[in-house]
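**Q**
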Amino acid sequence: MKTQVCIIGAGPAGLLLGHLLRAEGVDCVILERRTPDYVLSRIRAGVLENITVSLMERLGLDARLKAEGLPHDGFNLADGERLIRIDIKALTGQQVVVYGQTELTQDLMDAAEARDLQVIYEAADTALHDVESDAPYVTYNKGDTPQRIDCRIIVGCDGFYGPTRQAIPASAGQEYERVYPFGWLGILADVPPCNHELIYANHERGFALASMRSPTRSRYYIDVPLTERVENWSDDRLWDELAIRLGPEAAANMTRGPALEKSIAPLRSYVFAPMRHGSLMLCGDAAHIVPPTGAKGLNLAASDVHYAAAALTSFFKANDADAIAAYSDTALARVWKCERFSWSLTKLMHRFPDDGPFERAMQVAELDYIATSVAAQTSIAENYVGLPV
Ligand code: FAD
Ligand code: DHB
7 MKTQVCIIGA GPAGLLLGHL LRAEGVDCVI LERRTPDYVL SRIRAGVLEN ITVSLMERLG
67 LDARLKAEGL PHDGFNLADG ERLIRIDIKA LTGQQVVVYG QTELTQDLMD AAEARDLQVI
127 YEAADTALHD VESDAPYVTY NKGDTPQRID CRIIVGCDGF YGPTRQAIPA SAGQEYERVY
187 PFGWLGILAD VPPCNHELIY ANHERGFALA SMRSPTRSRY YIDVPLTERV ENWSDDRLWD
247 ELAIRLGPEA AANMTRGPAL EKSIAPLRSY VFAPMRHGSL MLCGDAAHIV PPTGAKGLNL
307 AASDVHYAAA ALTSFFKAND ADAIAAYSDT ALARVWKCER FSWSLTKLMH RFPDDGPFER
367 AMQVAELDYI ATSVAAQTSI AENYVGLPV
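Next up, the structure:
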């Protein structure tokens, strides 16, 4: 098979990019290792920034997002007794929208066929070839049959563990990484949220987050040591711990229910630079990971895709190679700012095992500063709603 762009990975980055390219008349094919059901079973992000919402709008795929998404004007940082509200609407004029990654992915999947976007699921053993040339190709197996796709550009949208980043020689790039000494244990349950806005809590027993997917579906997290196993957390034990960490007011409004899903995700900051090598471009988790504290992972994938789609469109429609050459620097400028915000909010809201009284005093001082300074609240708010693209 021959196409202009071969996209590897049909998560939110790959599907968004595929739709944007097809809308511009650029040929592309998406290869996905898993089945559609498996892709939709991964419970991940829940908060959408403007960039993600506006891409769905631009594609005309925002009907359900508009109808079912929950616009939020603010969120809360809890520190022991105190609740600090960050009024993002008043401070930035913008909102975020609570709409699950699975819903967004479903909307993009449902529209693929009608928009002539070909997604090949259950593509096994994907391998990249000749990425330093102008005629790269991808091989994979479908069932027992070996397949080959010839293309001009390959885009890696295959997440942190996919093969595309590995196709770049170590000498051609640099890795930046920080692994945190804890993971987030999440629970999804069909119960009403305990608060109409999100609460991020730094309690002496550890971090907790109260989030939601809809007025009847809640998502909560606590941090746990990396060695912890999900089997050790019965639903009751997790609800008890959430009630303590989120504080008495949230606990009083918390409805408990059986877990629809419960899993532990490790926390990591990671950047691979550059985000392009020859005829291979990287988007989303394939190039970088943020700890989830700032709700940035999915949104950062969307901003990469925005830049990549513009560069590929100029290349294929106006023969402009400069946009592709500039892609990595353009995307990384925003990536690093989101990395900084996610890292700083993670440091502020978690108790690190090696922290002593000094580090805790710094957290208290920073939270005090945020509680009393409009400038500090504005800085948090403009990062949370999403920096300009
Ligand atoms: P992915 O969603 O990872 O998609 C990559 C796709 O590539 C997958 O479908 C995968 O099956 C496919 N693929 C992999 N290898 C191959 C291959 N060899 N061949 C073909 N296809 C392949 N962000 C938040 O903002 N909030 C959260 O609460 C949050 N929770 C998270 C929990 C977990 C467990 C993880 C892993 C991430 C979480 N994130 C969260 C981050 C957010 O979900 C990601 O940033 C987002 O999914 C990135 O999208 P992506 O398309 O780049 O990568
Ligand atoms: C959710 C996840 C996040 O990482 C976050 O910062 C906010 C909300 C969620 O899954 O709802």
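My numbering numbers the first residue of the sequence shown as 7 and each following residue consecutively. Where is the CB? At the ideal position from N, CA and C, for every residue including glycine.
Which term fits Asp154, buried or exposed, when burial requires 16 or more other beta carbons within 10 angstroms of its beta carbon?
**A** Correcting the residue type first, residue 154 is Arg in the shown sequence and not Asp. So Arg154 counts as exposed.
**Q** For Val45, verify whether its CB is less than 6 Å away from any heavy atom of ligand 1.
**A** Val45 Cβ: within cutoff of ligand 1.
**Q** Using DSSP bridges, identify the partner residues of Leu286.
**A** The partner list for Leu286 (beta bridge, DSSP) reads Ile160 and His283.
**Q** Residues with a Cβ closer than 5 Å to any heavy atom of ligand 2, in chain order?
**A** Having a Cβ closer than 5 Å to some heavy atom of ligand 2 are Gly52, Val53, Ser217, Arg225, Pro298 and Ala301.
**Q** Give me the Cα-Cα distance between Glu128 and Arg39, rounded to the nearest whole angstrom.
**A** If you take the alpha carbons of Glu128 and Arg39, they lie about 5 Å apart.
**Q** Go through its chain and collect everything with a Cβ distance to Pro77's Cβ below 6 Å, but skip five positions before and after it.
**A** If we look at Pro77 and ignore the five residues flanking it on each side, its Cβ neighbours are Gln101 and Val103.
**Q** Among Pro199, Leu215 and Leu318, which has the Cα closest to the Cα of Met260?
**A** Comparing Cα positions, the closest option is Pro199.
**Q** So, helix, strand or coil for Tyr226, using DSSP?
**A** DSSP places Tyr226 in strand when its eight states are reduced to three.
**Q** Looking at ligand 1, does it come within less than 6 Å of Cys163, judged from the CB to the closest heavy atom?
**A** At least one heavy atom of ligand 1 is nearer than 6 Å to the Cβ of Cys163, so yes.
**Q** If you measure from the CB of Ile14, is any heavy atom of ligand 1 nearer than 6 Å?
**A** At least one heavy atom of ligand 1 is nearer than 6 Å to the Cβ of Ile14, so yes.
**Q** Tell me the rounded alpha-carbon separation between Gly80 and Ala265.
**A** In a straight line, the C-alpha of Gly80 is about 27 Å away from that of Ala265.
**Q** Kindly say whether Ala316, judged by its beta-carbon, lies nearer than 7 Å to any beta-carbon of chain C.
**A** No chain C is part of this structure, which consists of one protein chain only.
**Q** Would you identify the three-state DSSP class for Ala301, choosing helix, strand or coil?
**A** Here Ala301 sits in coil by DSSP.
**Q** Identify whether Ala129 lies in helix, strand or coil by the three-state DSSP scheme.
**A** Correct three-state label for Ala129: strand.
**Q** Need the endpoints of the beta strand (DSSP E) that Phe347 sits in, please.
**A** Taken as a continuous stretch (DSSP letters only), Phe347 belongs to no beta strand (DSSP E), being part of the alpha helix (DSSP H) at Asp328 to Met355.
**Q** Given a cut-off of 7 Å, decide if Leu22 and Ile13 are closer than it, judged by their beta-carbon atoms.
**A** No, the Cβ-Cβ distance between Ile13 and Leu22 is not below 7 Å.
**Q** Would you please state the rounded distance, in angstroms, between the beta carbons of Ile228 and Gly253? I believe it to be under 8 Å.
**A** 13 Å between Cβ atoms; not a contact.
**Q** Taking C-alpha atoms, which residue in Ala257, Ala178 and Asp335 lies nearest to Ala214?
**A** The shortest Cα separation from Ala214 among Ala257, Ala178 and Asp335 belongs to Ala257.
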